[in-house]
């Protein structure tokens, strides 16, 4: 049963639990309800700010007349402020409705400013180390693979030299197998790098946006 329904029917007999609940609520409320000046002190704001909040819909317990203080419930005021903050955040980050009134294509000047902003964002990313020019990365991988290729493909020849005591036909077979194995490993590494680089394709990122 709500508090308002109990107030509308004061003659109705209440159970002890409800009476205790009302007593506790009344005691808590008496601690929360303060004058506007006192609320300003407790909230760390000046009285003019709270008066402005009142004009915007801040809940009050009673508007004082001449010589009477305006009373506010601090709990309700804080809840009202939290609701306003949530609404402001939703409004700040809400995406504009494409079909909303006033929607229009960008002007040439706006497109230029947008392009400048995108360029500055890219520059900031590079300066911060978050973005690396793709040609630089590709050149580094290519140089690395070249060094690895020289080292790996020298393995079969080194094996053959170390097997000087074995028949030539067997050494030839081992050499071919080693070359195929090394070449396959290099191809697999190159494919892996190509796949990784494709995930950083700027064109794909732009298309997703």
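Residue numbers (full-length UniProt numbering): 1 to 209.
Beta carbons are placed, not taken as given, at the ideal position from N, Cα and C, and that holds for glycine.
Residue-level contact to chain C via CB, residue i, 8 Å cutoff
i           : result
residue 156 : Given the protein chain composition of this structure (a single chain), no chain C is represented.
Cβ-heavy atom distance, residue i to the ligand ADP, below 7 Å
i           : result
residue 117 : Because no ligand of any kind appears in the structure shown, any question about the ligand ADP cannot be addressed here.
Cβ-based burial, residue i [other Cβ within 10 Å; buried from 16]
i           : result
residue 24  : At residue 24, the pLDDT of 48 sits below 50, so the modelled position is not reliable; the number obtained from the coordinates is stated separately. That one is exposed.
residue 173 : exposed
residue 69  : exposed
residue 214 : There is no way to answer for residue 214, as the model of the chain reaches only from 1 to 209.
residue 136 : exposed
residue 50  : buried
residue 36  : buried
Cβ distance (whole Å) where residue i is taken to contact residue j below 8 Å
i          : j          : result
residue 42 : residue 34 : 7 Å
residue 39 : residue 72 : 5 Å
residue 45 : residue 59 : Rounded, the Cβ-Cβ distance is 16 Å, inconsistent with contact.
Within 8 Å, strictly: CB atoms of residue i and residue j
i           : j           : result
residue 152 : residue 192 : no
residue 189 : residue 145 : yes
Q | Complete beta strand (DSSP E) runs within the segment 27-51 (minimum length 3 residues, chain order) | A | 33-35
key: Cβ contact (3+ pairs, closer than 8 Å) linking the segment 168-177 and the segment 144-160   = yes
Inter-stretch contact (C-beta, 8 Å, three-pair minimum) for the segment 68-88 and the segment 111-119: no
Please list the segments of the alpha helix (DSSP H) lying wholly inside the segment 138-198, counting only runs of 4 or more residues, in order along the chain. 168-198
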